[in-house]
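Single-structure report; data block below.
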Amino acid sequence: MTALLMVVVGLVTASPASAHHPLVSGVAVCDEETGLFDITWSIGNSERDKVMTYTTDRGFSGTVGAGAAPVTHTENDVKHGTYTMRVDASWPNGVTASKTATVKTPGYCEKPDVKVTPAGFDVQPPTCDTDGVGTIPSQPQGVSVTPEPGTYGPGTYDVVFTAQQGFVLDGNPSGTMTVLGATGYQSTNPEAPCYQPPEPETKVEPRSDRRSDCVDVERRTWEVVYEQDETTGDWVRTGIQNDSGWVHVRNLTLKEQVARGCIDVEGKQKKKKAEVSSPAAPAPASTPAPSGTASSVPTAVDAGI
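By our numbering, the letter at position 65 of the sequence shown is numbered 66, and the numbering carries on one by one without gaps.
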């Protein structure tokens, strides 16, 4: 809607003994598209039987017919203030007259704020193993936002949209942007999201063995690994680990060599490296599952080594 503001003050100066005079007025109208005023000046003729010729100090000139409607001239985009126009008129009978009109624009003509719609923030939810992402997009002209446009990781952010000068928000999506971290996996409810079967329970049973020949005593240690079957609850051997291999412990004494028949009673060696104990063991044979929690003490250790 346009606002109409008008103040007209007229001062007439005419030649003696004459009623001839120009009719002068002005109207100021606010142009809300520009925020400035348009002034329309009106010039009329007081005489019904004579044509009036005129000039003005605002650059307008022309004629007004006898008894004719006033002519108009418009000045566009003028600022708030007081404006005057002097009209100098003459008629064919030699009479001249002048009149000045004043237009004052009370108040201000302000350009209305332009409506602008902010681009609201968006939040992508997290997955089992990736964080969510919050996005504040670039804004249209006339909109400011804090935090600045960009992507944001897990956290809570107060997002505030404001209109710049000359603009007004058409809707305001300001609010709290909450970005969640990865949810992780759960092993309690198979029907719920991010379910991951629990790792099977594991038990470890230490083992050891020894062997000797006519020279060395060697020892080997390892661990047997069992996992519990989720369906049956049985313990199932799944392999071995931490196998040390055969490791030299000590040399046999002379007495042990004689006892093993490695040398005769006269002290002469009869055999060299003849194995008289357990052979080099391959991977341990299948062993029944432990009945309880495995002990850290080997189950087959030669206490004499």
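Ideal placement from N, C-alpha and C gives every residue a C-beta, glycine not left out. Predicted model only: the values in this text are computed from it and were never measured.
Legend entry - Cβ-based burial, K100 [other Cβ within 10 Å; buried from 16]: buried
Inset, instruction - Spell out a yes or no on whether the segment 138-155 and the segment 82-91 are touching, meaning 3 or more CB-CB pairs, one atom from each, closer than 8 Å. - result: no
Legend entry - Delimiting residues of the beta strand (DSSP E) encompassing K105: T97 to K105
Legend entry - Pair within 7 Å by beta-carbon distance, D159 and T118: no
Inset, instruction - Would you mind sorting V98 into buried or exposed? The rule is 16 or more other CB atoms within 10 Å of its CB. - result: Per the sequence shown, the amino acid found at residue 98 is Ala instead of Val. So A98 ends up on the buried side.
Inset, instruction - Check each candidate in P199, R212, T222 and R208 and name the one with the smallest Cα separation from E228. - result: P199
Legend entry - Outcome for T106 when other beta-carbon atoms lying within 10 angstroms are tallied against a minimum of 16: buried
Legend entry - Three-state secondary structure assigned by DSSP to H21: coil
Legend entry - Best match in Q187, S209, T85 and V79 for proximity to G36 [C-alpha to C-alpha]: V79
Legend entry - Environment of Y196 [buried if 16+ CB atoms lie within 10 Å]: exposed
Inset, instruction - Look at the Cβ atom of T75, then the Cβ atom of T103, and state whether they are nearer than 7 Å. - result: no
Legend entry - Length-filtered (3 minimum) beta strand (DSSP E) runs lying within the segment 204-230: 217-229
Inset, instruction - Output the distance between the C-alpha atoms of N77 and V161, rounded to the nearest integer angstrom. - result: 39 Å
Legend entry - The beta strand (DSSP E) enclosing K116, as first and last residue numbers: V115 to V117
Legend entry - Continuous beta strand (DSSP E) stretch holding Q142: start and end: Q142 -> no beta strand (DSSP E), and no H or E assigned at all.
Inset, instruction - Confirm, please, whether the CB-CB distance from P174 to G135 is below 7 Å. - result: no
Inset, instruction - Rank H21, D214 and S43 by C-alpha distance to the C-alpha of L255 and give the top, closest one. - result: D214
Inset, instruction - Answer with buried or exposed for C129, where buried requires no fewer than 16 other C-beta atoms within 10 angstroms of its C-beta. - result: exposed
Legend entry - Start and end residues, alpha helix (DSSP H) containing L181: Where L181 is concerned, there is no enclosing alpha helix (DSSP H), given that its DSSP letter is neither H nor E.
Legend entry - Contacting residues, own chain, Cβ-Cβ under 6 Å from K116 (five flanking each side not counted): V169 and D171
Legend entry - Three-state secondary structure (DSSP) of Q258: helix
Inset, instruction - Tell me C31's beta-bridge partners as DSSP assigns them. - result: F38
Legend entry - Through-space distance from P126 to Q242, alpha-carbon basis: 42 Å
Inset, instruction - In the DSSP assignment, find the beta strand (DSSP E) that holds H74 and state where it starts and stops. - result: V72 to V79
Inset, instruction - In the DSSP assignment, find the unbroken beta strand (DSSP E) run with Y109 in it and report its ends. - result: First-last for Y109: undefined, no H or E at that position.
Inset, instruction - Round the Cβ separation of N252 and D217 to the nearest angstrom and send it over; I've been treating them as touching at under 8 Å. - result: 6 Å
Inset, instruction - Can you tell me the Cβ-Cβ gap for D132 and A183, rounded? I've got them flagged as a contact below 8 Å. - result: 5 Å
Legend entry - E219 beta carbon less than 7 Å from that of R212: yes
Inset, instruction - Would you tell me roughly how many angstroms separate the C-alpha atoms of T57 and K112, rounded to the nearest one? - result: 30 Å
Inset, instruction - Please go through the same chain and pick out, in chain order, the residues whose beta-carbon is closer than 7 Å to the beta-carbon of H21, but skip the five residues on each side of it. - result: A15, S47, E48, W92, V96 and A98
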